[in-house]
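To start, the structure itself, in structure tokens.
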Amino acid sequence: MSAVFEKPPLWRRTLPLLQGFDGPLAFAVFLLACAGLVAMFSSGFDHGTRFVDHGRNMLIAGFVMFVVAQVPPQRLMSLAVPLYVLGVSLLVAVALFGITKKGARRWINLGVVIQPSEILKIATPLMLAWWFQKREGHLRPFDFAVAFALLLLPVGLIMKQPDLGTSLLVGAAGLAVIFFAGLPWRLILPPVALAVVGILLVVLFEPQLCAAGNRWPVLHDYQQQRICTLLDPFKDPLGKGFHIIQGMIAIGSGGLFGKGFMQGTQTHLEFIPERTTDFIFAAFSEEFGLVGNLLLIAGFVFLILRGLAIALEASTLFSRLLAGSVTLIFFTYAFVNMGMVSGILPVVGVPLPFISYGGTAMVTLGLALGILMSVAKARRLVQS
């Protein structure tokens with residue numbers, strides 16, 4: 372009789388929680404996490420407990436991913452409106468009585484100091500996916516106008532803090548949802564063409580636009596300086612251009628195969644600023660060279676393609692839009708970080724996923740991965 376009531380072993384009881392997890396996606400995350408630990412061990416070896424803290428942040432992100440993956444997409448959809456309203460309300464609270472550090476008001480003290488803009492990285496695409504799910508089957512231009520309004524509200528509040536990097540990430544995630552929902556090309560091409568023309572004009576007239584005393588409208592002074600520094604970092608090689616120049620030197624000095632693990636001179640002689648956070652890609656490039664960079668980029672490409680495949684196979688419009696936009700968050704993170712370190716984009720303070728040090732960003736990535744796993748699990752349960 373005792374055998375009848377004998378409990379099954381722990382591994383058998385936890386097995387149902389792991390069923391439906393997407394193996395290829397988990398494998399891509401594992402490889403990128405290993406690359407991140409290797410890069411952090413080298414670049415942060417003299418930064419106290421930075422390597423240990425990076426590993427801890429990864430474990431926390433993994434736990435968040437595991438928990439969120441157990442939540443079905445239908446439940447996630449019910450959280451869209453409350454999470455979005457909470458996030459926007461906190462952004463308004465930050466604007467009114469937030470904490471100011473280094474000229475930016477981005478934090479608020481609720482017993483614990485938090486940065487509400489991080490919530491909007493997930494809440495905004497979640498809200499937009501919910502909106503288009505409700506309008507499925509009878510989309511009109513008005514519905515896209517409402518979607519843009521829902522997107523511009525948090526983006527505008529974040530830019531006002533100011534926080535260009537986070538506003539870029541939130542805007543990119545929201546635009547991905549609107550694009551995947553079926554935004555007509557006739558509405559996409561004109562602003563893209565206008566942006567290209569604007570970039571070309573800025574490049575052509577850089578000497579006049581970046582002349583001393585010339586003030587650009589709309590942008591903050593530091594944002595104008597970042598763009599001018601990008602166009603010609605050698606105007607101030609020991610000041611505002613130092614980050615970009617040292618990053619390019621480190622990347623170029625890595626050559627084909629790199630200088631070897633723990634052998635990066637630019638890194639260990641502390642010429643690379645923020646070498647464990649925003650500019651860790653430069654440190655990685657110096658030690659592992661072009662081959663290492665290509666392997667790292669291949670890992671991100673595989674992760675992104677797998678995420679888009681999960682989105683394509685999702686069973687509902689909400690799941691498809693959410694999974695697609697969350698996947699492009701990884702693309703935006705990686706593209707912007709590598710671009711700014713390589714000197715082709717302004718420095719905006721965007722970390723490299725799994726590689727850069729940062730607890731909040733890592734938890735956000737874990738949440739995004741959990742959403743992808745949730746969509747993948749729901750699709751496999753439907754198929755079974």
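In this note's numbering, the protein residues as written are 372 to 755.
Don't be surprised by glycine CBs; every beta carbon is placed ideally from N, CA and C.
Remember, it's a predicted structure, so these values are computed and weren't measured experimentally.
Buried or exposed, going by whether 16 or more other CB atoms sit within 10 Å of the CB of residue i?
{"i": "T648", "result": "buried"}
{"i": "N480", "result": "exposed"}
{"i": "A374", "result": "The predicted model places A374 with a pLDDT of 48, which falls under 50 and marks its position as unreliable; any figure quoted below should be read in that light. Exposed, by the Cβ-count rule."}
{"i": "K509", "result": "Note on identity: in this sequence residue 509 is His, with Lys being the wrong assignment. It counts as exposed."}
{"i": "G537", "result": "Residue identity differs from the one stated: residue 537 is Thr in this sequence, not Gly. Buried, because 16 or more other Cβ atoms sit within 10 Å of the Cβ of T537."}
{"i": "R586", "result": "exposed"}
{"i": "G584", "result": "exposed"}
{"i": "Y593", "result": "exposed"}
{"i": "M372", "result": "Annotation note: pLDDT 44 at M372 (below 50); position unreliable, coordinate value reported separately. It counts as exposed."}
{"i": "M633", "result": "exposed"}
{"i": "F689", "result": "buried"}
I'd like the span of the beta strand (DSSP E) that includes residue i, first residue to last.
{"i": "T323", "result": "Residue 323 lies beyond the stretch modelled for the chain, which goes from 372 to 755, so this question has no answer here."}
{"i": "N480", "result": "475-480"}
So, residue i versus residue j, is the Cβ gap smaller than 8 Å?
{"i": "F412", "j": "F422", "result": "yes"}
{"i": "L499", "j": "G545", "result": "yes"}
{"i": "A547", "j": "L699", "result": "yes"}
{"i": "A680", "j": "P444", "result": "no"}
{"i": "V719", "j": "F652", "result": "no"}
{"i": "L609", "j": "C581", "result": "no"}
{"i": "W502", "j": "V517", "result": "yes"}
{"i": "S745", "j": "V442", "result": "yes"}
{"i": "I598", "j": "P717", "result": "yes"}
{"i": "A543", "j": "T703", "result": "yes"}
{"i": "I470", "j": "W478", "result": "yes"}
{"i": "G618", "j": "F650", "result": "yes"}
Round the Cβ separation of residue i and residue j to the nearest angstrom and send it over; I've been treating them as touching at under 8 Å.
{"i": "S460", "j": "D534", "result": "Incorrect: roughly 17 Å between the Cβ atoms, too far for contact."}
{"i": "L447", "j": "I742", "result": "7 Å"}
{"i": "K492", "j": "V541", "result": "6 Å"}
{"i": "L497", "j": "L693", "result": "6 Å"}
{"i": "A705", "j": "F671", "result": "5 Å"}
{"i": "T636", "j": "R646", "result": "So it is not a contact: roughly 12 Å between Cβ atoms."}
How far does the alpha helix (DSSP H) with residue i in it reach, from first residue to last?
{"i": "C599", "result": "592-602"}
{"i": "F655", "result": "651-684"}
{"i": "A544", "result": "535-551"}
{"i": "V526", "result": "512-530"}
{"i": "H639", "result": "636-639"}
{"i": "A564", "result": "556-575"}
{"i": "A397", "result": "394-414"}
{"i": "S488", "result": "488-505"}
{"i": "Y704", "result": "688-713"}
{"i": "Q441", "result": "Element bounds for Q441: n/a, residue is neither H nor E."}
I'd like to know if residue i contacts chain D, where contact means its C-beta is closer than 8 Å to some C-beta of that chain.
{"i": "V712", "result": "The structure shown contains no chain D; it holds only a single protein chain."}
As an exercise, report each continuous alpha helix (DSSP H) stretch of at least 4 residues that is fully enclosed by the stretch 600-635, in chain order.
613-624
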